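Chains as they are written, first to last, in the UniProt record's numbering: chain A, 1 to 409; chain B, 1 to 151.
Positions of the beta carbon are idealized from the N, C-alpha and C atoms, including for glycine.
Note that this is a predicted model, so its numbers are computed, not measured.
Read the structure below first, then the notes.
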Amino acid sequence: MTFDVARVRADFPILSREINGHPLVYLDSANTSQKPRQVLDAMRVHNERHNGNVSRSVHTLGTEATSAYEEARAKIAAFINAGTPDEIVFTKNSTEALNLIAHSAGQMLALKPGDEIVISEMEHHSNIVPWQLLCERTGATLRWFGITDDGRLDESGIADLINERTRLVSVVHMSNTLGTINDVSGIIARAHDVGALVALDCSQSVPHLPVDVRGLGADFIAFTGHKMLGPTGIGVLWGRFDLLAKMPPFLGGGSMIETVTMGGTTYAAPPARFEAGTPPIAEAIGLGAAVDYLTGLGMAEIHQHEQDITAYALKTLIDVPGVRIFGPTTPEGRGGTVSFAVDGVHPHDVGQILDALGVEVRVGHHCAKPTCARFGVPAMTRASFYLYTTTDEIDALAQGLDQVKKVFG
Amino acid sequence: MMLDSLYQEIILDHYKHPHGRGLRDPYDGEAHHVNPTCGDEITVRVAADFSDISYDGLGCSISQASASVLHELLVGRTSAEIAGIHEAFVELMQGRGQGEPDEDVLGDAVAFAGVARFPARVKCALLPWMAFKDAAARAGVDVGASPEVKA
Ligand SMILES: Cc1ncc(COP(=O)(O)O)c(C=O)c1O
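Take a look at the structure:
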């Protein structure tokens, strides 16, 4: 069966909008994705019919809300092939999940001067700053994988970089700027050889390709609901249960305790230990509906569609004179996120002119300033694709770029 | 198209042929400002008597043209004149496109009236002006109260 992009698009009400008198061409899904009616409906029905607080009510609404919330957890566990739903911790977003790892795993590891944490130059700021903060608190040293000229992780120094002092490695699975999909198997194997833990920032991979946490072999992954057809305000930390069970809490409060006395507190088992306070209930249910939607279409099919779009986009952009692509220029080992420069025109100006034509791209540093610096630019223009992207939209982008060059020619 | 009000010919001219660009000596005050959302940067140097204002930076057409216009408008003026022009420019940028700019005061800077209709770009236009104000303060000259930058 071929992927029916027209039928998919019909599920997304926003895609029929016009922007500045032109049909919306939404090429910013790496920033946040659009949401299908199925997700919007699931959240609306929850709020209209089943709203109650979770895990603390005996009444019918509370029970319904709790079972819907836990059902969402189970769906997400199945989606990434987690061993048990108890390995799924709901957070606010990827950023909170990564901070949770840095805080709680960092404390479990009792880091001290001489210990090393390894990240990469390709990271989003949310997989940099929490580790910088952790190193500041503990005196541990932060070390970095570099990026090759063609936009791949430079693993040439891995034997030195990941060594017996390394306690934790945290790298991005798919880059939000270069689109690179990192084959992390070598890094995970090396890290585990030296006894280090591995976290993966899967914010851009889980939405776009099949991810199987048991196959991957990492210890933690983080991802965020709003980039995978779900709402904002919900993210996920997956962690191996034996590790989560050893980790101290991140935030303290209601729902994360076993018992509280004036003398002290004992903590609930994971995942509750890491979900202090009333969680984003409708949002978790919305994310569950998003996962159902993605599963219904098939992640392999979605990924194939994006590979086709990416191949078309790379070919189209390479043919536009004055356009330079950052990152891999063929679809192998990359996803549907393409950053580029237009010769002599600042990305802000590119983005502004494209917006006037209804083409929504992201411009700026993409919260990845070290990556931009690596390629010697303060900012990039980025077009990113998803299951609803069409080749016509890529053509609209190319025409928009012609217009950009006309204004600044 | 709305865009024409943003990318006025005057702005594009200043962007392509900037006036007074490049950092020069001597100077009495220098400031480096960054727009954290987009990464645009500018360095401005000021001589205390305003006989020269020099700058260099990385940024979009709006921020770069704005620096060029600033140079053209402010070099050789008195601090009182500069305070008046500075205030008029900031007011124009915060007017959401409603204000009627006074060409006698603002010269080429009136072309930025359209920028005020694009809230995301107001910060770009103001970047050199804020850096200038800091540089002037470091040169020991006060060119007016610090405005709240709303964008
Ligand atoms: C690779 C990567 N990591 C982390 C994040 C942070 O996601 P959020 O802002 O939802 O926490 C993003 C998205 O902006 C991302 O692309």
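So, are the CB atoms of residue i and residue j less than 8 Å apart?
i             : j         : result
Val-338/A     : Val-350/A : no
Pro-231/A     : Met-43/A  : yes
Thr-295/A     : Phe-79/A  : yes
Leu-58/B      : Glu-30/B  : no
Asp-219/A     : Gly-239/A : yes
Pro-328/A     : Gly-146/A : no
Phe-408/A     : Gly-344/A : yes
Leu-251/A     : Ala-272/A : no
Gln-38/A      : Tyr-26/A  : no
Leu-197/A     : Met-299/A : no
Ile-181/A     : Ala-313/A : no
residue 415/A : Asp-28/A  : Residue 415/A falls outside the range modelled here, since chain A spans only 1 to 409, and no answer is possible.
Phe-50/B      : Val-75/B  : yes
Val-342/A     : Thr-381/A : yes
Arg-165/A     : Glu-116/A : yes
Ile-19/A      : Glu-258/A : no
Gln-204/A     : Ser-170/A : no
His-46/A      : Leu-61/A  : no
Ala-72/A      : Gly-225/A : no
Leu-134/A     : Leu-111/A : yes
Glu-121/A     : Pro-378/A : no
residue 423/A : Pro-248/A : Outside the displayed range of chain A (1 to 409) lies residue 423/A, so it cannot be described from this structure.
Pro-128/B     : Tyr-55/B  : yes
Ile-158/A     : Arg-137/A : no
Val-404/A     : Ile-353/A : yes
Asn-99/A      : Val-172/A : no
Gly-107/B     : Leu-73/B  : yes
Output the boundary residues of the beta strand (DSSP E) element that contains residue i.
i         : result
Gly-239/A : 235–239
Ala-222/A : 220–224
Ala-383/A : 380–384
Leu-58/B  : 53–58
Ile-325/A : 323–326
Thr-166/A : 166–172
Could you please give the first and the last residue of the uninterrupted alpha helix (DSSP H) stretch that includes residue i?
i             : result
His-348/A     : 347–356
Glu-30/B      : Segment 29–34 is the beta strand (DSSP E) holding Glu-30/B; no alpha helix (DSSP H) there.
Gly-288/A     : 281–297
Phe-132/B     : 119–138
Asp-4/B       : 3–6
residue 440/A : Past the boundaries of the shown model lies residue 440/A; chain A is included only from 1 to 409, so the question cannot be answered.
Arg-214/A     : 213–216
Using three-state DSSP, classify residue i as helix, strand or coil.
i             : result
Thr-95/A      : helix
Thr-60/A      : helix
Val-149/B     : Summary for Val-149/B: the model assigns pLDDT 46, below 50, so the residue's position carries little reliability; its value from the coordinates is reported in the next sentence. Coil at Val-149/B, not helix or strand.
Met-122/A     : coil
Lys-406/A     : helix
Val-39/A      : helix
Asp-308/A     : helix
residue 153/B : Since the first residue of chain B shown is 1 and the last is 151, residue 153/B is not available in this structure.
Leu-23/A      : In the sequence as displayed, the identity of residue 23/A is Pro instead of Leu. Strand at Pro-23/A.
Thr-371/A     : helix
Tyr-69/A      : helix
Ile-43/B      : Before going on, a small fix: residue 43/B reads as Thr here, not Ile. The answer is strand: DSSP assigns Thr-43/B an E or B state.
Thr-259/A     : strand
Thr-337/A     : strand
Gly-186/A     : helix
Met-93/B      : helix
Tyr-267/A     : strand
Phe-79/A      : helix
Val-17/A      : Checking the displayed sequence, the identity of residue 17/A turns out to be Arg instead of Val. Coil.
Arg-152/A     : coil
Glu-48/A      : helix
Going along chain A, which residues have a C-beta under 9 Å from residue i?
i        : result
Thr-37/B : Gly-364 and His-365
Could you list which residues in chain B have their beta carbon closer than 7 Å to that of residue i, in chain order?
i         : result
Val-407/A : Tyr-7
Asp-402/A : Chain B residues near Asp-402/A: none, gap ~14 Å exceeds 7 Å.
Asp-349/A : Cys-60 and Ser-61
Who are the neighbours of residue i on chain A, taking C-beta pairs under 7 Å?
i        : result
Asp-56/B : Within chain A, no residue comes near Asp-56/B; the closest Cβ sits about 13 Å away, beyond 7 Å.
Gly-59/B : His-346
Can you determine whether any heavy atom of ligand 3 sits closer than 7 Å to the C-beta of residue i, and answer yes or no?
i         : result
Ala-102/A : As presented, the structure is devoid of ligand 3, carrying ligand 1 as its sole ligands.
Interface residues of chain A around residue i at Cβ under 8 Å?
i        : result
Ser-68/B : Near Ser-68/B there are no residues of chain A at all, since even the closest Cβ is about 14 Å away, more than 8 Å.
Leu-3/B  : Gln-352, Ile-353, Ala-356 and Val-407
Residues of chain B with a CB under 8 Å from the CB of residue i: which are they?
i         : result
Cys-372/A : Gly-39
Ala-379/A : Cys-38, Gly-39 and Asp-40
What residues of chain B sit near residue i, judged by a beta carbon separation below 9 Å?
i         : result
Lys-369/A : Gly-39
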